[in-house]
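See structure below.
This is the structure:
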């Protein structure tokens, strides 16, 4: 499993455990993708499930819209707020449009992490950047 996948689940798990330390039930982490049916996101879910199994006490909810739109992701976020998940790890379709819904989630005690495609800083507590474009460029030049 990739380091990034482990880091993402561990970060969400740690933050959610800190907030919900008094509860005995499993921590529920929602992995919200841009759209379902995408191999990249399916692989991320597989890694998240593996990390959750290694850590124990974590349930992954793999979800996202069928259409890659901000409006559809907002519906998903609102549903997750109603389900009272402990953390949302999201790859955003729109960095700014999701902020109000994610602020609402944070106001309700839900940890919000963006990954892959970030959310504006005011709509999240942490962003996990899977790669640095400068580092990628330097590595390509070195390997060429």
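In this note's numbering, the protein residues as written are 329 to 472. Cβ atoms here follow ideal geometry from the backbone N, Cα and C, with glycine treated the same way. The structure presented is a predicted model; accordingly, all values stated were derived computationally and were not measured.
Rounded C-alpha distance that separates residue i from residue j
i           : j           : result
residue 428 : residue 470 : 42 Å
residue 453 : residue 446 : 11 Å
residue 382 : residue 450 : 31 Å
residue 391 : residue 438 : 16 Å
residue 349 : residue 384 : Any reading at residue 349 must be qualified, since the residue scores a pLDDT of 46, below 50, and its modelled position is unreliable; no value is offered.
residue 403 : residue 360 : 11 Å
residue 430 : residue 467 : 35 Å
residue 412 : residue 369 : 23 Å
residue 367 : residue 407 : 24 Å
residue 416 : residue 455 : 12 Å
residue 414 : residue 458 : 23 Å
Residues bridged to residue i (per DSSP)
i           : result
residue 370 : Residue 370 pairs with nothing; no bridge assigned.
residue 391 : 360
residue 418 : 360 and 442
residue 456 : 443
residue 386 : 355
Own chain partners of residue i with C-beta closer than 8 Å, once the 5 adjacent residues on each side are dropped
i           : result
residue 387 : 354, 355, 356, 357 and 380
Beta-carbon spacing of residue i, residue j below 9 Å
i           : j           : result
residue 374 : residue 421 : no
residue 418 : residue 442 : yes
residue 440 : residue 433 : yes
residue 444 : residue 371 : no
Contacting residues, own chain, Cβ-Cβ under 7 Å from residue i (five flanking each side not counted)
i           : result
residue 398 : 421, 422, 425 and 426
residue 436 : 409
residue 462 : none
residue 465 : none
Beta-carbon contacts of residue i that lie in its chain and below 6 Å, excluding the five residues immediately before and after
i           : result
residue 400 : 393
Top-ranked residue by Cα proximity to residue i, from the options
i           : options               : result
residue 376 : 432, 405, 389 and 462 : 389
residue 396 : 364, 448 and 372      : 364
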